[in-house]
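The structure under discussion appears below in the form of structure tokens.
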Amino acid sequence: MAYGFSYLKKISEPKSTVLITDENVYNAHTKRFKGWNSIILKPGEEYKVQATVDAVIEKLIEMEADRNTTLVGVGGGVITDITGYIASVYMRGIKFGFVPTSVLSMVDASIGGKNGIDVGVYKNMVGIIRQPSFILYDMIFLNTLPDTEWENGFAEIIKHACIKDSAMFSELERNSLKNYQSRQKTVCELIQRNVKIKAAVVKRDEFEKGERRLLNFGHTLGHALETQYELLHGQAISIGMTYACQISEKLTGFKQMERVVGVLEKYNLPTYASFNKQKVFEVLKMDKKRERKEMNYILLERIGKGVIRTISLKQLESIISKF
Ligand SMILES: NC(=O)c1ccc[n+]([C@@H]2O[C@H](COP(=O)([O-])OP(=O)(O)OC[C@H]3O[C@@H](n4cnc5c(N)ncnc54)[C@H](O)[C@@H]3O)[C@@H](O)[C@H]2O)c1
Ligand SMILES: [Zn+2]
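In the working numbering, the protein residues as written are 1 to 323.
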């Protein structure tokens with residue numbers, strides 16, 4: 001935990017390591033990449049696709065990467081997802097590790113072993129669950145992270161608070177983004193707390209048979225919105241969380257919607273959106289959480305207590321049409 005990037009040399013021999021990053025991270029931290037074999041990708045979700053996987057694999061063959069090579073994803077969630085995926089299929093699987101550089105990848109994407117790519121409008125449609133050998137945290141990367149990307153990451157932090165940690169929710173209410181951005185120790189503690197929440201859930205349910213589903217709070221509708229509209233992942237799930245609260249009011253008697261909306265707004269995240277319900281419902285029906293004619297939807301009983309409820313697609317369509 002929080003060792004500093006230079007520690008990477010101690011865990012992974014530079015000669016047999018290939019770093020995968022994107023242009024933004026590389027340009028902002030070029031000196032850290034000195035002495036490492038690196039593959040630099042174009043930034044953005046639209047590159048989290050098979051064509052990028054093919055291009056990286058060709059590069060790896062050119063670089064003569066073999067079964068002893070370790071791939072290290074240095075970047076946000078797009079980079080960690082795609083690195084983990086490539087490492088899992090290249091030569092039937094080689095070692096990989098992560099250095100997450102965005103708040104979102106630190107608290108969420110790099111943890112839990114889900115690695116994959118998008119297919120058309122379907123997010124993370126292809127992938128595997130395979131754990132990285134290591135995750136190295138260096139808070140120095142956050143110094144260059146744009147404000148909107150901080151907000152994007154805080155959506156997942158607020159999600160963790162909603163489903164698991166009411167005390168952290170209160171802390172987020174009291175605090176502010178500015179405060180976290182200017183105090184490295186405070187943000188480091190917050191990130192550690194979130195890593196622990198996610199890692200504990202994944203440890204108890206790696207293959208998402210039960211509890212791990214809670215981490216999808218806000219994501220069912222969120223993913224459908226994210227691919228149809230130009231939204232960042234955090235913005236999309238923020239809207240998804242708002243609607244999940246609204247469904248919770250109907251189905252679990254949840255009464256704290258205002259506080260959830262309040263915190264999301266405090267961290268500059270969008271809460272309501274007008275959207276084409278039919279179009280979004282069509283994408284939503286393909287969600288991985290769907291099981292035949294029913295869908296597992298994550299709702300809140302109260303702040304700090306997420307629950308999994310089965311909703312029929314029919315009932316869901318009727319609720320969404322009334323939004
Ligand atoms: N595998 C999982 O369990 C999991 C969980 C949550 C999210 N995700 C995935 O993560 C992705 C979203 O993550 P993200 O928001 O980190 O995406 P991202 O990788 O696109 O990073 C966001 C932006 O910030 C830039 N950036 C990252 N670190 C920077 C730094 N230190 N300085 C300057 N710029 C920096 C990137 O270049 C990019 O433009 C989505 O694809 C989502 O599906 C995966
Ligand atoms: Zn997410």
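Cβ coordinates follow ideal geometry from the N, Cα and C atoms, glycine included.
Check whether residue i and residue j have beta carbons under 8 Å apart
i      : j      : result
VAL103 : GLY116 : no
PHE306 : ILE298 : Residue identity check: residue 306 is Gly in the sequence provided, not Phe. Yes.
LEU214 : VAL202 : no
LEU60  : VAL99  : no
THR21  : GLY75  : yes
ARG67  : MET106 : no
LYS48  : ASP118 : yes
VAL72  : GLY44  : no
ILE82  : VAL53  : yes
TYR122 : MET286 : yes
ARG193 : MET168 : yes
THR271 : ILE239 : yes
ARG130 : GLY97  : no
ILE40  : GLU62  : no
GLU211 : GLY113 : no
ALA55  : THR80  : no
LEU221 : LEU284 : yes
SER12  : THR70  : yes
CYS245 : LEU300 : yes
Residues that residue i bridges to, as DSSP identifies them
i      : result
GLY75  : PRO100
ILE330 : Residue 330 lies beyond the range of the chain shown here (1 to 323); nothing can be said about it.
PHE134 : GLY97
GLY240 : Answer is none; GLY240 lacks a bridge partner.
TYR47  : Answer by DSSP bridge pairing: none, since TYR47 is not bridged.
SER116 : Here residue 116 is Gly; the residue named in the question, Ser, does not match the sequence. Answer is GLY127, bridged to GLY116.
LYS305 : ARG302
LEU41  : ASP22
ILE311 : MET295
THR17  : THR70
TYR229 : TYR229 is not bridged to any residue.
Supposed contact pair residue j and residue i - C-beta distance, whole angstroms, cut 8 Å
i      : j      : result
ALA273 : LEU225 : 7 Å
MET257 : LYS159 : Wrong, their Cβ atoms sit about 15 Å apart, outside the cutoff.
TRP150 : LEU190 : The Cβ separation is near 12 Å, so there is no contact.
ILE111 : VAL195 : 6 Å
TYR229 : PHE275 : 7 Å
GLY187 : THR101 : At residue 187 the sequence reads Val, which differs from the Gly that was named. Rounded, the Cβ-Cβ distance is 14 Å, inconsistent with contact.
GLN321 : LYS277 : It is worth fixing the name first, because residue 321 is Ser in this sequence and not Gln. Between LYS277 and SER321 the Cβ distance is about 6 Å, and since that is below 8 Å, they are a contact.
SER88  : ILE128 : 5 Å
PHE323 : TYR243 : 6 Å
Cβ contact (3+ pairs, closer than 8 Å) linking the region 140 to 152 and the region 13 to 30
The region 140 to 152 is in contact with the region 13 to 30.
Mind listing which residues have their beta carbon within less than 6 Å of any non-hydrogen atom of ligand 2? Chain order is fine.
After applying the 6 Å Cβ criterion, the set is ASP108, GLU156, HIS219, HIS233, ILE237.
I'd like to know if the region 148 to 160 and the region 228 to 239 are in contact, where contact means that at least 3 CB-CB pairs between them fall below 8 Å.
Flag = yes, the region 148 to 160 and the region 228 to 239 touch.
Mind the definition here: the region 251 to 263 touches the region 161 to 174 only if three or more C-beta pairs lie below 8 Å; say whether that holds.
Using a C-beta cut-off of 8 Å, the region 251 to 263 makes contact with the region 161 to 174, since at least three inter-stretch Cβ pairs fall below that distance.
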